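Visitor:
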Amino acid sequence: MEMETIWIPKGLNLLVDVDSTPLLNFVFVEGSLIFAPDEDSLHERFFDAHYIFVNGGLMEVGTEDYPYTSRITITMHSSVTDPYLPIYGNKVIGVRHGTLDMHGPVRTPTWTMLESTVEANSTEIFLQEAVDWQIGE
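Once you know that position 126 of the sequence shown is 126 in my numbering, the rest is easy, because the numbers rise by one and skip nothing.
Next comes the structure, spelled out in structure tokens:
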């Protein structure tokens, strides 16, 4: 439900296999929060929260051996007036003594430089080298 707080205790795994979540308030992970890819590489999931805090647990969006191959949008919602988690802030994926594992398809190169300045509202960019990035990534 909208603005729910989710607690995943140690020893439990939450597999996110829904297309879209309601806007969650706080997701506290002591166990595992795992995002399942879809067989369709164009399939997209949406996960919305104010705070995600991994405390000794695991948040996994693909692994090095099994990368996340479909599309996912994780959106953190907050404003400057929302409460801060001490040290971490707000609108945050915080990790304390835990693991955040995010792996997608390998892209070469992973970054490059612009060949020229991109003006506002441009529909094209020019890069200094060829890339294998896909539209929408």
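All C-beta atoms in this analysis are idealised placements derived from N, C-alpha and C, irrespective of residue type, glycine included.
Keep in mind that this is a model prediction, so the values were computed, not measured.
Who are residue 102's beta bridge partners in DSSP?
Guide: Answer is 61, bridged to residue 102.
Visitor: Between the segment 114-125 and the segment 90-102, do at least 3 Cβ pairs fall closer than 8 Å?
Guide: Because the criterion of three Cβ pairs below 8 Å is not met, the segment 114-125 and the segment 90-102 do not touch.
Visitor: Return the chain-ordered ranges of every beta strand (DSSP E) run that is complete within the segment 79-133 and spans a minimum of 3 residues.
Guide: Segments of the beta strand (DSSP E) lying fully in the segment 79-133: 92-96, 99-102.
Visitor: Comparing C-alpha positions only, which one of 81, 52, 77, 45 sits nearest to residue 68?
Guide: The shortest C-alpha separation from residue 68 is found at 45.
Visitor: Starting from residue 73, follow its DSSP beta bridges and name the residues at the other end.
Guide: Looking at the DSSP assignment, residue 73 forms a beta bridge with 46.
Visitor: Could you spell out the range, first to last residue, of the beta strand (DSSP E) harbouring residue 32?
Guide: Residue 32 -> beta strand (DSSP E) spans 32-35.
Visitor: Going by C-alpha distance, which of 16, 33, 21 is nearest residue 9?
Guide: Of the candidates 16, 33, 21, the one whose C-alpha sits nearest the C-alpha of residue 9 is 33.
Visitor: In whole angstroms, what is the alpha-carbon distance linking residue 82 and residue 25?
Guide: Cα to Cα, the separation comes out at about 11 Å.
Visitor: Once the 5 residues before and after residue 57 are set aside, which same chain residues still bring their CB inside 8 Å of it?
Guide: Once the five neighbours on either side are set aside, the close Cβ partners of residue 57 are 8, 10, 29, 30, 31, 32, 33, 98, 99.
Visitor: Can you tell me which of 85, 80, 124, 52 puts its alpha carbon nearest to the alpha carbon of residue 74?
Guide: Nearest option by C-alpha distance: 52.
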